[in-house]
Amino acid sequence: ELGCDLLGTTMCGYTEYTKGHSLPALDLIERYSKELRARVVAEGGIWVPEQLEAAYKSGAYTAVVGTAITRPRDITRRFVNALKTLEE
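In terms of this note's numbering, the sequence shown opens at residue 76 and continues consecutively.
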């Protein structure tokens, strides 16, 4: 009916309309899954398991975890920064 099989939040935060939108876009996931009754792919801003769980609870059909697991330097930096805050 919508003309697509899946609807993703991939571009949220990258367009002029969504610039500054908090990620993951749980509000969009919930809205799309309820109002459009679409299969929603949660993509963008999923860094920790709790965010992944929240995406599914918001109505995501599936999810993509990208940068959080594919960029070793970013992963290491997050842990180093967490340790630095413990030292302060």
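Ideal Cβ positions, reconstructed from N, Cα and C, are used throughout, including at glycine.
Closest to Leu111 by C-alpha separation, out of Leu81, Val155, Ile121 and Thr151, would be which residue?
Along the sequence shown, read from residue 1 onward, the residue named residue 111 stands at position 36. Taking only the C-alpha atoms, the option nearest Leu111 is Leu81.
As assigned by DSSP and simplified to three states, the class of Ala113
On the sequence shown, position 38 is the one that residue 113 refers to. Coil.
Report the rounded CA-to-CA distance for Ala135 versus Leu101, giving the unit in angstroms.
Start at 1 with the first residue of the sequence shown, and residue 135 comes out as number 60. Start at 1 with the first residue of the sequence shown, and residue 101 comes out as number 26. Ala135 and Leu101: Cα-Cα distance of roughly 9 Å.
Can you tell me the Cβ-Cβ gap for Ala130 and Pro99, rounded? I've got them flagged as a contact below 8 Å.
Taking the first residue of the sequence shown as 1, we reach residue 130 at position 55. Taking the first residue of the sequence shown as 1, we reach residue 99 at position 24. Ala130 to Pro99, Cβ: 5 Å. Contact.
Report all residues from its chain with a CB closer than 7 Å to the CB of Asp53; omit the five preceding and five following residues, and keep chain order.
The question about residue 53 has no answer, for the chain in this structure spans 76 to 163.
Could you please give the first and the last residue of the uninterrupted alpha helix (DSSP H) stretch that includes Ala130?
Mapped onto the sequence shown, residue 130 falls at position 55. Counting along the chain, the alpha helix (DSSP H) containing Ala130 begins and ends at Pro124 to Lys132.
Taking the alpha-carbon positions, what's the Leu103 to Thr151 distance?
Position 28 of the sequence shown, counted from the start, is the residue given in the question as residue 103. Position 76 of the sequence shown, counted from the start, is the residue given in the question as residue 151. Roughly 30 Å separates the two Cα atoms.
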